[in-house]
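Chemist: If you read the sequences in order, they're chains A and B. Per this note's numbering, residue 1 is the first one in the first sequence, and the count goes up by one each step. Per this note's numbering, residue 1001 is the first one in the second sequence, and the count goes up by one each step. No residue lacks a Cβ here, since even glycine has one placed at the ideal position from N, Cα and C.
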Amino acid sequence: EVQLVESGGGLVQPGTSLRLSCAASGFTFDEHAMHWVRQAPGKGLEWVSSISWNSAGIDYADSVKGRFTVSRDNAKNSLFLQMNSLRPEDTAMYFCARDSLVETTYLDSWGQGTLVTVSS
Amino acid sequence: QSALTQPPSASGSPGQSVTISCTGTSSDVGGYRYVSWFQQHPGKVPKLLIYEINKRPSGVPDRFSGSKSGNTASLTISGLQAEDEADYYCSSYASRNHVLFGGGTKLFVL
């Protein structure tokens, strides 16, 4: 069974940093691209970032480009999201999601999410 | 890139059919077969309903079906049931490894 468990969320002040982690199990991690998707309270889904199986293909939504950095450690079956210069509008539930293939296609499994709140 | 366009709400009575549209451009919905649909109940994780336009993952009832014409994809739910009341999101691959979501449609089962 595919399992994705996010961690690292919390309450932080604007301008600070936070690092999210996603621990994957139940599948061959390096055979799938991975994504971060967020959902602000009461709002819709917003794709944040994707990373291919070998980290050669990485991309970001314009709203986070230059502030967030995605990475993965295939040896540890882990996905990360380094978030710098956080803004109140970054407040959201952050989901880790698996892609169906090694490169971006569609998201087929989701974690439970970790809540990030940016507020002074 | 802009979000895909979905109607904010839709409704139907039990047993009826409802169709939710998702409009994009030739750079996303119209250009690729990687169109998918998700169902999300309040406080829950999105669940994959449809992938690659019209394919259903194992365990998803055949009451749920997908299609695409040009730059618009559609999700049809037939034989509406009370438990179908939820938010529905479309998603599409876009260029440069981007993924786009629709704004979501809240489905009411009257």
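Can you tell which of B/G1012, B/S1017, B/Y1034 has the C-alpha that lies nearest to the C-alpha of B/N1071?
Modeler: For this step, residue 1071 of chain B is matched to residue 71 along the second sequence. Considering only alpha carbons, the answer is B/Y1034.
Chemist: Listing by chain order, which chain B residues have their CB less than 7 Å from the CB of A/H35?
Modeler: On the first sequence, position 35 is the one that residue 35 of chain A refers to. Correct list: V1099.
Chemist: Taking DSSP as the reference, what is the three-state secondary structure of A/V118?
Modeler: Taking the first residue of the first sequence as position 1, residue 118 of chain A is located at position 118. Note: A/V118 maps to strand in three-state DSSP.
Chemist: Could you work out which residues of chain B lie near A/G44, taking near to mean beta carbons separated by less than 7 Å?
Modeler: Residue mapping note: residue 44 of chain A aligns to position 44 of the first sequence, counting from 1. Within chain B, the residues near A/G44 are Y1089, F1101, G1103, G1104.
Chemist: Distance, Cα to Cα, B/C1022 vs B/A1082?
Modeler: For the purposes of this step, residue 1022 of chain B is taken as residue 22 along the second sequence, with counting starting at 1. For the purposes of this step, residue 1082 of chain B is taken as residue 82 along the second sequence, with counting starting at 1. For B/C1022 and B/A1082, the distance between alpha carbons rounds to 23 Å.
Chemist: Listed from N- to C-terminal order along the chain, which residues in the stretch 3-29 of chain A have their beta-carbon within a distance smaller than 9 Å of any beta-carbon of chain B?
Modeler: Those would be none; no residue qualifies.
Chemist: Does DSSP classify A/F29 as helix, strand or coil?
Modeler: The residue you call residue 29 of chain A lines up with position 29 of the first sequence. Helix.
Chemist: Measuring straight from C-alpha to C-alpha, what distance separates A/R38 and B/S1009?
Modeler: Within the first sequence, the letter at position 38 stands for residue 38 of chain A. Within the second sequence, the letter at position 9 stands for residue 1009 of chain B. Rounded to whole angstroms, A/R38 to B/S1009 spans 21 Å at the Cα level.
Chemist: Which residues in the same chain as A/R67 place their Cβ atom closer than 6 Å to its Cβ, once the five residues preceding and following it in sequence are excluded?
Modeler: In the first sequence, the residue the question calls residue 67 of chain A occupies position 67. Same-chain partners within the cutoff: N84, S85.
Chemist: B/Y1051 to A/N77, Cα distance in whole Å?
Modeler: In the second sequence, counting from the first residue as 1, residue 1051 of chain B sits at position 51. In the first sequence, counting from the first residue as 1, residue 77 of chain A sits at position 77. Computed Cα separation, rounded: 25 Å.
Chemist: Could you tell me the boundaries of the beta strand (DSSP E) in which A/E6 lies?
Modeler: Residue mapping note: residue 6 of chain A aligns to position 6 of the first sequence, counting from 1. 3-7 is the span of the beta strand (DSSP E), which, as asked, contains A/E6.
Chemist: Here's the rule I'm using: 16 or more other beta-carbon atoms within 10 Å means buried, otherwise exposed. How should A/N54 be labelled?
Modeler: Residue mapping note: residue 54 of chain A aligns to position 54 of the first sequence, counting from 1. Its Cβ having fewer than 16 others within 10 Å, A/N54 is exposed.
Chemist: Is A/S50 close to chain B, meaning its C-beta is less than 8 Å from at least one C-beta of that chain?
Modeler: Taking the first residue of the first sequence as 1, we reach residue 50 of chain A at position 50. With 8 Å as the cut-off, A/S50 counts as an interface residue toward chain B.
Chemist: So, using beta-carbon positions, are B/V1099 and A/W47 closer together than 8 Å?
Modeler: Your numbering for residue 1099 of chain B matches position 99 in the second sequence. Your numbering for residue 47 of chain A matches position 47 in the first sequence. It is a contact, given that the beta carbons lie within the stated cut-off.
Chemist: Please list, in chain order, all residues of the same chain as A/D30 whose beta carbon is under 6 Å from its beta carbon, the five residues on each side excluded.
Modeler: Position 30 of the first sequence holds residue 30 of chain A. If we look at A/D30 and ignore the five residues flanking it on each side, its Cβ neighbours are W53, N74.
Chemist: List the residues of chain A that B/R1096 touches, going by C-beta distances under 7 Å, in chain order.
Modeler: Translated into positions along the second sequence, residue 1096 of chain B becomes position 96. In chain order: D59.
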